[in-house]
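In our numbering, the protein residues as written are 1 to 439. Presented below is the structure to which this report refers.
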Ligand code: NAP
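Encoded structure:
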């Protein structure tokens, strides 16, 4: 019997557990740890609340979680409650699947002003992540700036644009819905330091901006390259650019009846965030793009704004005693191998890119590496205590471990207290989650 500990119960974690089951069948025991009492990581707290079909993949993870040889171990923080070295004493392999929960920094003056948020915090707020539930952003200004031209920028822009009625069927948390109801936003500027041909937004997500009840996208036709140049783009990006072209063709009269404009500001690199206590604006430098790279032109301007959300990517969170690549913001690894017996997978391995599905081959690949290392005799000859060893440590420390059965009770409580048009009302506080588990 071999034992694997997976740290993180998001997509990368559960795809790795699934791959381990396929590889070893009854000869494996897998413990999936999470610092929260609830599973699924990014599916719960990252994927947008109005993208329920994407969240549906959790059913697949549940099937893995419910199998005999996989166990969910919630409410345990590795690196704090239990060390990596202790896990290694219990398990043959430790796989880090903790994603990239921290915001990349802009490193610009004013970044710490009030009402300037990174997307990890802002997305965590509207998705009910306990760490960000208290964010309470101020939406009483008429302009917000969203920095970045990726899918997270689109998620944030869409959430800021929707009416309460448009959230029907979503699991946006009540505290976010209440604040969004107070919004006075009239203009959301989406800032990209490069041009329309360099956006990271995917077509389906970009197309959603055309169907908002009180907001419409605006693209300046002068920013678009010659139509013929689109032929050189890969098909997905070409489709996204086609959406931008359709936004540029929206007649001016349409905006007269439209309470919120979503303005794409291309070739615009942030220089400083302005304000005394709370953000009051952002200074931006015009760029030109040559060979795919943005260069400043020296021409600057100020966009007055009362809210800034930086959607410029994420970093992983280091774990004591595990080598970390500070520059890249992820674990130092060679195709998922960090140190003998310690591996990483998903965003913790490759950085924050790709879709949920990208993590499936990642999970299978790391399990292949573990199998190779076992075959090469690098992971000992078995006989580690596995779950029983961890349970002893947990009992000695009085850790309040949350099981998958506990989670199912929490989930039932979240479903029972949902708004009539929502699948669930999440608990946003760890103590409340634990209470919901009952005795
Ligand atoms: P992303 O796709 O990498 O986009 C980051 C954006 O930030 C880019 O436009 C980048 O511009 C810009 N940026 C980076 N540093 C900057 C700086 N210093 N100043 C100004 N702009 C800067 O990252 P993401 O949006 O966080 O998404 C992460 C991953 O999750 C992606 O793979 C995404 O597709 C995925 N995701 C998918 C969905 C979905 O499928 N519905 C939803 C959300 C996220 P440059 O290109 O110029 O660097």
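Here a beta-carbon is modelled for each residue, glycine too, at the ideal position from N, C-alpha and C. None of the values given here were measured: they were computed from a predicted structure.
Rounded Cβ spacing between residue i and residue j (contact assumed at less than 8 Å)
i           : j           : result
residue 32  : residue 13  : 5 Å
residue 304 : residue 281 : 4 Å
residue 130 : residue 359 : About 23 Å; that fails the 8 Å criterion.
residue 41  : residue 83  : Actually they are not in contact, since the Cβ atoms of residue 41 and residue 83 sit about 21 Å apart, beyond 8 Å.
residue 383 : residue 100 : The Cβ separation is near 35 Å, so there is no contact.
residue 345 : residue 173 : About 29 Å separates the two Cβ atoms, so there is no contact after all.
residue 171 : residue 423 : 5 Å
Nearest neighbour of residue i, chosen from the options [CA to CA]
i           : options               : result
residue 28  : 68, 41 and 8          : 68
residue 200 : 237, 171, 190 and 231 : 237
residue 18  : 187, 379 and 365      : 365
residue 107 : 270, 363 and 371      : 270
residue 247 : 259, 233, 257 and 264 : 264
residue 419 : 296, 164 and 308      : 164
residue 256 : 217, 8, 279 and 230   : 217
residue 400 : 24, 173, 30 and 75    : 75
residue 119 : 94, 299, 205 and 160  : 160
residue 110 : 274, 174 and 192      : 274
residue 169 : 395, 139 and 49       : 49
residue 410 : 292, 435, 375 and 423 : 435
residue 136 : 85, 404 and 122       : 122
residue 315 : 349, 162, 414 and 220 : 349
residue 234 : 243, 197, 215 and 219 : 197
residue 181 : 70, 408, 363 and 139  : 139
residue 152 : 215, 278, 117 and 312 : 312
residue 113 : 276, 158 and 385      : 276
Any non-hydrogen atom of the ligand NAP closer than 6 Å to residue i Cβ
i           : result
residue 210 : no
residue 156 : no
residue 67  : no
residue 355 : yes
residue 361 : no
residue 149 : yes
residue 315 : no
residue 205 : yes
residue 152 : yes
residue 350 : no
residue 312 : yes
residue 200 : yes
residue 194 : yes
Beta-bridge pairing of residue i - partner residues as DSSP gives them
i           : result
residue 116 : 308
residue 187 : 143 and 261
residue 324 : 331
residue 344 : 96
residue 135 : Partner(s): none; residue 135 has no beta bridge.
residue 269 : 285
residue 218 : 263
residue 301 : 284
Buried or exposed (CB count within 10 angstroms, at least 16 for buried), residue i
i           : result
residue 22  : exposed
residue 406 : buried
residue 288 : exposed
residue 251 : exposed
residue 354 : exposed
residue 224 : buried
residue 334 : exposed
residue 1   : exposed
residue 445 : Residue 445 lies beyond the stretch modelled for the chain, which goes from 1 to 439, so this question has no answer here.
residue 115 : buried
residue 302 : exposed
residue 34  : buried
residue 143 : buried
residue 220 : exposed
Residue i beta carbon near the ligand GTP (any heavy atom closer than 6 Å)
i          : result
residue 41 : This structure lacks the ligand GTP; its bound ligands are the ligand NAP.
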